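> Before we start, here is the structure in question, set down as structure tokens.
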Amino acid sequence: MPAVPSQERVREIIADHMALEGPLLPIFHALQAEYGHVPQLAIPVIAEVLNIGRAEVHGTMSFYHDFREEPAGRHVVKLCRAEACQAAGSDRVADHARETLGVDWHETTKNGAVTLEPVFCLGLCACGPAAMVDGKVVGLVTKKRFDKIISEIDA
Amino acid sequence: MSLRVYISRDAAAKACGAEELVAAVRAEAAKRGQDVTIIRNGSRGMVWLEPLLEVATPGGRTGFGMVGADDVPSLFDANFGDHPKAVGLVEEIPFFKTQTRLTFARCGRTDPLSMADYEAEGGLNGLRKALAMTGAEILKEVTDSGLRGRGGAGFPTGIKWKTVHEAQADQKYIVCNADEGDSATFADRMIMEGDPFVLIEGMAIAGVAVGATKGYVYIRSEYPDAIEVMGEALTIARAKGLLGSSLLGSGRTFDMEIRVGAGAYVCGEETSLLNSLEGKRGIVRAKPPLPALQGFMGKPTVVNNVISLATIPVIMDKGAGFYRDFGLGRSRGTIPIQIAGNVKFGGLYETAFGLTLGQIVNEIGGGTFSGRPVKAVQVGGPLGAYFPPALFDTPFGYEEFAGKDGLIGHAGITVFDERTDMLKMARFAMEFCAIESCGKCTPCRIGAVRGVETVDRIAAGDPSAMPILRDLCHTMKLGSLCALGGFTPYPVMSALTHFPDDFARSKEAAE
């Protein structure tokens, strides 16, 4: 389980990145790696240390699809929706995924196990439909293979 | 004598089961008490054969394609010889043998993180030569090679470098655009995972040429494997003097950092990328000022695509003339064509410019995977036009594709079979633009949303929406600062132009 965010730890994480040119994205990534999301309490702290407005910090964070305001489910399954995977039949897998999990894109199953997200290209365009399951790449995803993935991670 | 087995560490190989295969080979070797060395090479680019297992033999490396973990015991039984999965000598497979591999010369052959392998196959020759030259001499070589930006825009690399070279500043930067977001493209990923030192060497040469001492590689977060390999490669490169305060002992300084994107497609546009790198929202900047004069942190900056930079070492090593002799018209050298989607032989095929689209799709790609006729081919990613088979005689080159209202972009090709609904693809292009628009230009931000609605009206059998869609595309094309809003009309208009039947929906059919 990710740690509970604290001011002190957030300040440490920010301090670790202050030598970088343009440290804001690396800070967001580090916070998300630690907590599974970018905690709200970090926003004013980042603003203070970087000497920029809170709105600027929030606006930057919310611009990027990757950064979460809330933790995801225990597992994150990303299905590629881009053209090459569509040509290989990803729409059918996506419909099946949403139906069997009972969620739409960006939502988490009721038991908190799986968050389903769209992704636009994983660079696995010659072995699609492609997916990323908890950061690991999977190719040639059929409905059957999707069910297998879910049964394995949900076990 | 230990048996040398090669199994790629490329993400596409992993996605097809390479990790499970490695584990199975290790376990089987241990069970049999056989001495097996597994080398994790880069990808050969023959993705349809993954996981591809290669074995070193006196006659060259022989391969076994689409090998599952359950094939491993029988492979050992056959002593890695006669086996149903055997594909023969890997470099004799037509898809591989007929390529002209300059940029990808080592990819798949070597251990990506072995500097010894890298040097044994020509690595560092380019940088050594560059270090003995003046900046102006390097620029001349790059300019004379005819190399144009492989990210899609096709701007002459030498001219961009010259602008940065001539700019006066206390700090200049080399920024590598590794935000390869276009569907059907994976050349950047493949080279970063399969031959990372070539990109580092290319960036170091760029730094020496223009007087930049600091570089950044902006890699998209969707590429965790590339990020990992590049990170390890940087550490090795520093230890071996390919980076640092004295490049190969020359006294010249160049070092670099990896930065990770955060899921915004628009950050593949160079000015958005620079803003993102600076820690801002990835909003497009108006040009001028050019990034070459006011780029990262307002300093003169070379922003180049991965493939452009990774091609520099071979140009410096073999000379501008060698490289320029490949290609056609104003498209010089080679291009790694990525063949994807519904295709039989999907993968990366590096060749001189000039093959026709039909040769690429039907001869190299082998037609569709489904066995059905090809309906359309999208060239150049989500902002590229859909080409019908009637245009398959178009030669692969920047101007040649522009002449047919298309673009080669980053040279990704997606094949679609006859079941594809082109109206749906046009709608998707607008939907994608709406999701990924940075919001700076109104025609892109609002137009893409209206575009989806307008396509939906056409789908519902309202032909009066057709001229509105054309008009909207015209406005987006002319009224957007970057290629996202400006080029989304390519897939939409090409779908409309070449596949009018898919848009001619009667009200009854729609209901």
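Residue numbers (my numbering), protein chains in the order written: chain A, 1 to 155; chain B, 1001 to 1511.
Every residue, glycine too, gets a C-beta built ideally from N, C-alpha and C.
Predicted model, so just to flag it, every value in this text is computed and none were measured.
Closest by CA to Glu1436 of chain B, which one among A:Cys85, A:Gly123, A:His65 and A:Ala87?
A:His65
> In terms of residue numbering, what span does the alpha helix (DSSP H) encompassing Glu1257 of chain B cover?
Taken as a continuous stretch (DSSP letters only), Glu1257 of chain B belongs to no alpha helix (DSSP H), being part of the beta strand (DSSP E) at Asp1255 to Val1260.
> Counting contacts by CB-CB distance shorter than 7 Å, is Phe212 of chain A in contact with chain B?
Nothing in the structure corresponds to residue 212 of chain A, since chain A is present only between 1 and 155.
> Look at the alpha carbon of Ile1007 of chain B and the alpha carbon of Glu8 of chain A, and state the distance between them as a whole number of angstroms.
45 Å
> From the DSSP output, which residues share a beta bridge with Leu75 of chain A?
The question names Leu, but residue 75 of chain A is His in the sequence shown. His75 of chain A pairs with A:Val114.
> Are the stretch 125 to 136 of chain A and the stretch 79 to 96 of chain A touching by the rule of at least three beta carbon pairs closer than 8 Å?
Result yes; three or more Cβ-Cβ pairs closer than 8 Å.
> Taking C-beta pairs closer than 7 Å, name the residues in chain B that Glu21 of chain A reaches, listed in chain order.
Met1297, listed in chain order.
> Whose C-beta lies closer than 7 Å to the C-beta of Thr60 of chain A among residues of the same chain, with five residues either side of it excluded?
In its chain, beyond the 5 residues on either side, Leu24 have a beta carbon closer than 7 Å to the beta carbon of Thr60 of chain A.
> Once the 5 residues before and after Gly1485 of chain B are set aside, which same chain residues still bring their CB inside 6 Å of it?
Correct list, in chain order: Cys1441, Pro1443, Cys1444 and Met1476.
> Since Gly1194 of chain B is in the alpha helix (DSSP H), which residue starts that stretch and which ends it?
Ala1187 to Gly1194
> Taking only three categories from DSSP, how would you classify Gly1381 of chain B?
Gly1381 of chain B carries a helical assignment under DSSP once its states are collapsed to helix, strand and coil.
> With a cut-off of 8 Å, do at least 3 Cβ pairs link the stretch 1223 to 1232 of chain B to the stretch 1186 to 1196 of chain B?
Flag = yes, the stretch 1223 to 1232 of chain B and the stretch 1186 to 1196 of chain B touch.
> Quick check on Phe1064 of chain B: buried or exposed, where buried means 16 or more other Cβ atoms within 10 Å of its Cβ?
The residue is buried, with at least 16 neighbouring Cβ atoms inside 10 Å.
> Between Gly135 of chain A and chain B, is any beta-carbon pair separated by less than 7 Å?
Judged by the 7 Å Cβ criterion, Gly135 of chain A is in contact with chain B.
> For Lys1162 of chain B, which residues in the same chain have their Cβ closer than 8 Å to its Cβ, ignoring the five residues on either side in sequence?
Leu1139 and Thr1143
> Check whether the Cβ of Glu1363 of chain B lies closer than 7 Å to any Cβ atom in chain D.
Judged by its chain identifiers, the structure shown contains no chain D, and its protein chains are A and B.
> Quick check: the Cα distance between Pro71 of chain A and Val1306 of chain B, rounded to an integer number of angstroms?
So the two alpha carbons sit approximately 33 Å from each other.
> Name, please, each residue of chain A whose Cβ falls closer than 7 Å to the Cβ of Ser1221 of chain B.
Asp66
> Can you name the residues of chain A whose CB is closer than 9 Å to the CB of Phe1401 of chain B?
Per Cβ cutoff of 9 Å: no residues; Phe1401 of chain B is ~17 Å from chain A at best.
> Kindly list, in the order they appear in chain B, the residues whose Cβ is closer than 8 Å to that of Thr142 of chain A.
Going along chain B, no residue has its Cβ under 8 Å from Thr142 of chain A, so there is no contact; the nearest lies around 13 Å.
> So Ile1339 of chain B contacts chain A; which residues on that side make the cut at Cβ distance below 8 Å?
Ala126
> To the nearest angstrom, how far is the alpha carbon of Glu1050 of chain B from that of Ala126 of chain A?
10 Å
> Does the beta-carbon of Asp1501 of chain B have 16 or more other beta-carbons within 10 angstroms, so that it is buried, or is it exposed?
Label assigned to Asp1501 of chain B: exposed.
> Please list, in chain order, the chain B residues whose beta carbon lies closer than 9 Å to that of Glu107 of chain A.
The premise fails here: Glu107 of chain A is roughly 16 Å from chain B at the closest Cβ pair, so nothing lies under 9 Å.
> Pick helix, strand or coil for Arg1004 of chain B, following the three-state DSSP scheme.
strand
> Do we get a CB-CB distance below 7 Å when we pair Phe1064 of chain B with the residues of chain A?
no
> Against chain A, does Val1260 of chain B count as a neighbour if the rule is that its beta carbon must be under 7 Å from one of theirs?
yes
> For chain B, is any of its Cβ atoms less than 7 Å away from the one on Leu25 of chain A?
yes
> Since Val1339 of chain B and Ile1312 of chain B are thought to touch, with beta carbons under 8 Å apart, how far apart are those beta carbons, to the nearest angstrom?
Sequence inspection shows Ile at residue 1339 of chain B; the Val mentioned does not correspond to that position. Going by Cβ atoms, the distance from Ile1339 of chain B to Ile1312 of chain B rounds to 25 Å, so no, they are not a contact pair.
> How would you label Val1379 of chain B, buried or exposed, when you count the other beta carbons within 10 angstroms and need 16 or more for buried?
Here Val1379 of chain B is buried, its C-beta having at least 16 other C-beta atoms within 10 Å.
> Do you know offhand how far His1410 of chain B's Cα is from Asp1182 of chain B's?
8 Å
> Specify the secondary structure class of Gly1059 of chain B as computed by DSSP and reduced to three states.
Note: Gly1059 of chain B maps to coil in three-state DSSP.
> Would you say Thr1301 of chain B and Phe1254 of chain B are within 7 Å of each other, going by their C-beta atoms?
Contact: no.
> Using the beta-carbon of each residue, which ones in chain B are nearer than 8 Å to Val49 of chain A?
Going along chain B, no residue has its Cβ under 8 Å from Val49 of chain A, so there is no contact; the nearest lies around 12 Å.
> Write down the C-beta distance between Phe1095 of chain B and Ile1364 of chain B rounded to the nearest angstrom, noting that I regard them as a contact closer than 8 Å.
Right, the Cβ-Cβ distance comes to about 7 Å (below 8 Å), so this counts as a contact.
> Can you tell me the Cα-Cα spacing of Arg1419 of chain B and Lys1375 of chain B, whole angstroms?
8 Å
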